[in-house]
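Residue numbering for the sequence shown follows this note's numbering, beginning at 22 and increasing consecutively. Worksheet: one structure, shown below.
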Amino acid sequence: LVARRMVERGVRFVQIFAGKGVGGDGSVNDVPWDCHSDVETNHRSCALHTDQPAAALLTDLAARGLLDSTLVIWGGEFGRTSDSQGAKGRDHNPNGFTIWLAGAGVKGGFHFGATDDFGYKAVQNKVHVNDLHATLLHLMGLDHTKLTYRFNGRDYRLTDVAGEVVKDILI
């Protein structure tokens, strides 16, 4: 509700951080999605506190005609391995993870890319973080190639020299 109200009032960047998670023993976890033990209980708790508010935000933005001009991003910096890491936990997986986007020029209702059968690594329509950054900048009206600077004879930019806009996810 607060995020939607901020968007309505013209705030250009709103970040919502998921709160604390709850472990199977009732303990509070300060890093909710980073679960190396009891992933089932912890992620269920996190999802219960995330799914409904995220859906409500999208519904509210759409009902007020704001979703088409608001980019909503949900994700983290890595995924989780599919196999147990002892104590019912999962390890970090930077090679196969999910980020979802909604609004502001992004196609809705489909998925892009796939991992192998074990969820270890992306095998179809791989999107490098530089490509994600190029796409997000594009959706915000910025040409990532114009953010290039030269240092010690090399070109640098947030999207590196290989980042490309992922056009297949755009309307």
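Each residue gets a CB set at the ideal place from its N, CA and C atoms; glycine is no exception.
Give the single residue among ILE94, LEU69, LEU158 whose Cα lies nearest to the Cα of ASP79.
Reading off the sequence, residue 79 comes out as Leu, not Asp. Out of ILE94, LEU69, LEU158, ILE94 has the C-alpha closest to the C-alpha of LEU79.
Could you compute how far the alpha carbon of LEU92 sits from the alpha carbon of HIS165?
Near 17 Å, if we compare the C-alpha coordinates of HIS165 and LEU92.
Thinking just about the alpha-carbon of each residue, which of ALA183, ASP72, LEU160 is nearest to the one in HIS149?
ALA183
For a minimum of 3 consecutive residues, which ranges assigned as the beta strand (DSSP E) are wholly contained in the region 55-97?
If we require 3 residues or more, the beta strand (DSSP E) runs fully inside the region 55-97 come out as 93-95.
Which residues mark the beginning and the end of the beta strand (DSSP E) in which VAL144 is found?
143-145
Spatial neighbours of GLY100 within its chain, please: C-beta separation below 7 Å, excluding the five flanking residues on both sides.
ASN114, GLY117, PHE118, THR119
Identify whether THR136 lies in helix, strand or coil by the three-state DSSP scheme.
Strand, per DSSP.
Between the region 66-73 and the region 105-112, are three or more C-beta pairs nearer than 8 Å?
No contact exists between the region 66-73 and the region 105-112.
Identify the residues that DSSP records as bridge partners of ARG175: which are they?
PHE172
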